[in-house]
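Engineer: Before I ask anything, here is the structure I am working with.
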Amino acid sequence: MATLLRMATAGSVDDGKSTLVGRLLHDSKAVLADQLEAVERVSRDKGLGHVDLALLTDGLRAEREQGITIDVAYRYFATAKRSFILADCPGHVQYTRNTVTGSSTADVLVVLVDARHGVVEQTRRHLAVGHLLRVPHVVVAVNKIDLVDWSEQRFTEVAAQVHRVTTNLGIESVQVLPVSALIGDNVVSRSRQMDWYTGPSLLEFLETLPADDPSTRHTETGEVDRPLRFPVQLALRPQGAAVAEELGEYRGYAGQISSGVIRRGERVVVLPSGKHTTVVGIDTASGELTEAFAPQSVALRLADEIDITRGELIASAQDAPVVTKDLRLTVVWLHERALTPGAKVLVKHTTRTVQGIVTSIDGRLGLDSLDARPAERLELNDIGRLRLRLSNPVMADSYEQNRGTGSLLLVDSQSGANLAAGMIDGTGAVGLDEEGL
Amino acid sequence: MSRQLDQLAMLESEAIHIFREVVGELERPVLLFSGGKDSVVMLHLAAKAFWPCPVPFPVLHVDTGHNFPEVIDYRDRTVARLGLRLVVTKVQDYIKDGRLAERADGTRNPLQTLPLLDAIAAGRFDAVFGGGRRDEEKARAKERVVSLRDEFGQWDPRNQRPELWNLYNPRHRVGEHVRIFPLSNWTELDVWRWIEAENIELPSLYYAHDRDVFRRDGMWLAVGEANQPRAGERVERRRVRYRTVGDMSCTGAVESDADTVARVVEEVALTRITERGATRADDRLTEAAMEDRKKEGYF
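Now the structure itself:
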């Protein structure tokens with residue numbers, strides 16, 4: 001079965017990330033003849049002695065003019081074994097914001113390190129962001145290994161630096177690989193220059209990574225299902241004689257299963273009302289199912305006539321999320337305007353949007369170790385902890401337990417801009433039962 | 438049992454989620470529908486997303502006037518079958534009364550922007566679904582799934598909202614609107630594989646057929662009402678098919694024997710040239726042709 005792997009790449013300035021991405025696309029034959037001709041022509045026009053594969057990925061005029069990458073770009077390539085969606089996150093401008101964006105949907109984060117410089121400040125930041133966003137796998141590609149004479153000793157030193165950082169952060173799965181993106185060594189095919197290296201090439205490694213399965217995400221064994229979470233997007237209630245004749249009085253609740261498995265006949269709870277009912281039908285336009293799992297989009301029919309609207313959540317009756325108006329969050333602040341306590345925001349969580357007030361800022365996280373230090377405000381690209389009081393309850397899991405019901409956006413109510421990416425750490429109110437979080 | 442979605446099922450589920458989110462959050466969406474394969478796939482996805490309810494929004498066609506007759510026929514049959522409201526805005530009307538001027542090269546694709554923006558304003562549409570894919574072109578690779586347009590319809594690529602998880606944010610101010618691209622993560626091959634898997638009918642010109650064509654700018658252009666060969670351009674009968682369908686005057690055919698969907702899938706899997714590179718003169722104008730048009734409000 002053809003599976004899809006979502007990867008994000010991050011690197012600091014001049015690590016050769018665009019070249020690596022270009023190399024992956026080129027050597028996996030994802031670059032078609034006309035694209036390559038265009039790159040060859042521009043390389044010649046610029047008087048370059050080689051074909052600059054970075055030009056494949058720099059899409060905007062300003063990027064090509066300034067030779068930098070501004071925004072996250074998405075690339076697509078496939079090998080005989082697997083298809084890839086690659087979020088290419090630039091290291092220049094807004095790199096924390098870009099890496100957070102790319103990491104939020106990634107199954108694997110590929111961080112580039114220049115072999116000559118080893119682990120630098122930005123490497124630590126990228127790894128910390130990957131860890132905060134709970135990207136399941138991390139790969140560190142030690143690039144420009146040709147510029148240190150393909151030295152095993154230098155590679156071992158850099159790998160040790162990487163492992164010190166990842167151990168500090170608590171990252172469990174990390175693979176360190178030597179590559180030369182410019183020459184194309186150990187990117188797609190195995191190294192011809194490093195006889196001391198016996199591991200896989202970067203692409204080989206990515207091809208064989210366990211494909212992500214959101215229903216079992218974050219579990220070490222990959223066997224334990226997350227409990228059912230089904231945020232309701234819409235109620236489907238067709239009107240009209242033709243439909244009524246065929247389906248009777250149809251009432252289905254449309255949504256994408258955020259985590260877990262749902263079976264026909266299963267007892268579920270509808271939140272926030274807390275009413276219990278039974279799933280009597282799982283529908284898709286292609287036919288009825290007896291069971292469905294994340295991330296399938298389906299419509300559920302329920303035994304009881306409960307009035308359910310967008311923003312409510314259907315959950316496992318045995319293992320429901322916490323219904324709460326108080327949240328403790330880790331946030332990445334994404335806006336130019338700084339955050340101060342008392343700020344009023346919109347909170348977009350699953351299919352539900354409520355109002356919120358930031359009741360306190362509990363600290364800013366140092367990115368090398370993710371320790372919290374006292375802070376009165378959060379500026380652009382800061383990562384911090386805060387407490388939020390909500391106008392209406394949300395159905396919350398901790399982000400560590402569940403990426404879908406553990407994540408939220410803070411949104412500006414005037415402009416609609418995204419202010420922050422939030423990851424739920426727990427509930428904030430004193431005395432509130434935190435079990436299940 | 439294995440609880441793992443294959444690639445197409447994953448992409449389909451993601452697209453359906455996006456359709457439902459936008460309908461859940463906004464008041465007046467519209468779907469761009471030309472009869473081209475990406476818009477056909479979009480409409481099929483929309484029908485699946487809201488089944489058993491009808492598609493809850495109208496469709497909009499920006500008609501360049503340089504049409505392939507079989508595509509217009511297909512458009513009208515499809516709209517009738519699904520019981521949809523079709524809004525058509527015509528570039529020809531704009532040229533007739535002088536709001537737009539015909540270009541020297543005769544190409545009308547770049548002229549679609551003004552009628553499109555006028556139609557969005559007139560219909561008070563707050564969300565416009567388009568079939569754009571990130572694999573099509575370098576500027577499109579930077580596009581969000583939910584992409585904000587200012588009151589002039591402009592795209593500001595340097596100031597896009599970060600798009601996290603599957604939390605799509607379509608909020609906007611009065612006068613602004615959002616463009617929605619549910620096929621963002623699909624490739625040309627995914628589109629064709631899904632057409633095959635879902636057994637979707639397409640206009641016949643997507644499959645190999647014999648046609649009178651002439652060579653211009655390295656492409657095979659069809660002879661048609663608005664598309665006549667110039668001096669020195671020789672008309673030949675060739676076996677061709679179309680990879681994209683747009684303005685007849687700038688959309689080229691490719692030589693092909695792929696006369697079934699299975700053979701097209703095979704051909705697309707083996708091709709060495711992008712669909713736009715092979716068939717769209719308008720994207721070849723400059724290195725940033727698409728970016729410039731998108732900034733102005735093009736789809």
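Protein chains in written order, with the working numbering: chain A, 1 to 437; chain B, 438 to 736. We treat Cβ as the ideally placed atom computed from N, Cα and C, and that holds for glycine.
By the DSSP assignment, the beta strand (DSSP E) with T330/A in it spans what residues?
Structural biologist: Counting along the chain, T330/A sits inside the beta strand (DSSP E) bounded by residues V322 to W333.
Engineer: If you reduce the DSSP assignment to three classes, tell me which class D213/A lands in.
Structural biologist: With a pLDDT of 48 at D213/A, under the threshold of 50, the modelled position of that residue is not reliable, and no figure is offered here.
Engineer: Buried or exposed for N392/A, going by 16 or more other Cβ atoms inside 10 Å?
Structural biologist: exposed
Engineer: When you compare only the Cα positions, how much space is there between C687/B and E539/B?
Structural biologist: 14 Å
Engineer: Below 8 Å, how does it come out for the stretch 281 to 299 of chain A and the stretch 330 to 343 of chain A: are there three or more Cβ pairs, yes or no?
Structural biologist: Contact fails: fewer than three Cβ-Cβ distances are below 8 Å.
Engineer: Who pairs with W657/B in a beta bridge, going by DSSP?
Structural biologist: R652/B and A690/B
Engineer: Contact check, V176/A vs V142/A under 8 Å by CB: the rounded distance?
Structural biologist: So it is a contact: roughly 6 Å between Cβ atoms.
Engineer: Where does the unbroken alpha helix (DSSP H) through P552/B begin, and where does it stop?
Structural biologist: Annotation for P552/B: the continuous alpha helix (DSSP H) segment containing it runs T550 to A559.
Engineer: Cα-Cα, which of Q122/A, L127/A and L24/A is closest to L109/A?
Structural biologist: L127/A
Engineer: Taking 8 Å as the CB-CB cut-off, is Q161/A touching chain B?
Structural biologist: Output row for Q161/A: interface = no.
Engineer: Using CA coordinates, which residue listed in G683/B, V660/B, D684/B and R667/B is at the minimum distance from R675/B?
Structural biologist: Restricting attention to G683/B, V660/B, D684/B and R667/B, the CA atom closest to the CA of R675/B is found in V660/B.
Engineer: Taking the continuous alpha helix (DSSP H) assigned at R23/A, which residues delimit it?
Structural biologist: K17 to D27
Engineer: Using a beta-carbon distance below 8 Å, is L397/A in contact with chain B?
Structural biologist: With the sequence shown as reference, residue 397/A is identified as Asp, and Leu is not the correct amino acid for it. Not closer than 8 Å to any Cβ of chain B, the Cβ of D397/A fails to qualify, so no.
Engineer: Around the Cβ of E449/B, are there at least 16 other Cβ atoms within 10 angstroms (buried) or fewer (exposed)?
Structural biologist: E449/B should be labelled buried.
Engineer: Hey, could you find the ends of the alpha helix (DSSP H) W453/B is sitting in?
Structural biologist: Here residue 453/B turns out to be Ile, not Trp, going by the sequence shown. Its alpha helix (DSSP H) spans residues Q444 to E462.
Engineer: Give me the Cα-Cα distance between H403/A and R124/A, rounded to the nearest whole angstrom.
Structural biologist: Note that residue 403/A is Arg in the sequence shown, not His. Near 23 Å, if we compare the C-alpha coordinates of R124/A and R403/A.
Engineer: Kindly indicate if chain A contains any beta-carbon less than 8 Å away from that of K474/B.
Structural biologist: no
Engineer: Exposed or buried, K17/A, counting other C-beta atoms within 10 Å across all chains shown (16 or more means buried)?
Structural biologist: buried
Engineer: Could you have a look at H218/A and say whether DSSP puts it in helix, strand or coil?
Structural biologist: Note that H218/A has pLDDT 39, beneath the 50 cutoff, so the model's placement of it is unreliable and no number is given.
Engineer: Consider the Cβ of D587/B: report whether some Cβ of chain A lies at a distance smaller than 8 Å.
Structural biologist: no
Engineer: Using 8 Å as the limit for Cβ to Cβ distance, is T544/B near chain A?
Structural biologist: no
Engineer: If you measure from the beta carbon of L620/B to each beta carbon in chain A, is any gap under 8 Å?
Structural biologist: no
Engineer: Enumerate in chain order the residues of its own chain whose CB-to-CB distance from T79/A is below 8 Å, with the five nearest sequence positions on each side excluded.
Structural biologist: S28, L203 and E207
Engineer: Is the CB-CB distance between R586/B and Q597/B below 8 Å?
Structural biologist: no
Engineer: What residues of chain B sit near K348/A, judged by a beta carbon separation below 7 Å?
Structural biologist: L604 and N606
Engineer: Check whether chain B comes within 8 Å of F518/A, counting only Cβ atoms and requiring the distance to be less than that.
Structural biologist: This structure does not reach residue 518/A, given that chain A is present from 1 up to 437, and the question cannot be answered.
Engineer: Residues in its own chain within less than 6 Å of R545/B by CB, not counting five upstream and five downstream?
Structural biologist: T501, H503, V528 and D684
Engineer: How about Y643/B and T697/B: do their beta carbons lie closer than 8 Å?
Structural biologist: no
Engineer: Tell me the DSSP bridge mates of L386/A?
Structural biologist: L329/A and I361/A
Engineer: What residue range is occupied by the uninterrupted alpha helix (DSSP H) comprising Y95/A?
Structural biologist: Per DSSP, the continuous alpha helix (DSSP H) segment holding Y95/A begins and ends at Y95 to S104.
Engineer: Can you pull the chain A neighbours of D654/B, defined as C-beta to C-beta under 9 Å?
Structural biologist: Going along chain A, no residue has its Cβ under 9 Å from D654/B, so there is no contact; the nearest lies around 13 Å.
Engineer: Output, in chain order, the set of chain A residues within a Cβ distance shorter than 8 Å of K485/B.
Structural biologist: T284, A285 and S286
Engineer: Does the stretch 153 to 162 of chain A come close enough to the stretch 98 to 118 of chain A that 3 or more CB-CB pairs lie under 8 Å?
Structural biologist: Result yes; three or more Cβ-Cβ pairs closer than 8 Å.
Engineer: Report yes if the C-beta of A285/A is less than 7 Å from at least one heavy atom of the ligand NAD; otherwise report no.
Structural biologist: With respect to the ligand NAD, the structure offers nothing, as it holds no ligand at all.
Engineer: Please list the partners that I453/B has in chain A, where partner means a Cβ-to-Cβ separation under 8 Å.
Structural biologist: Q256 and S297
Engineer: If you measure between the beta carbons of A578/B and Y250/A, is that distance less than 8 Å?
Structural biologist: no
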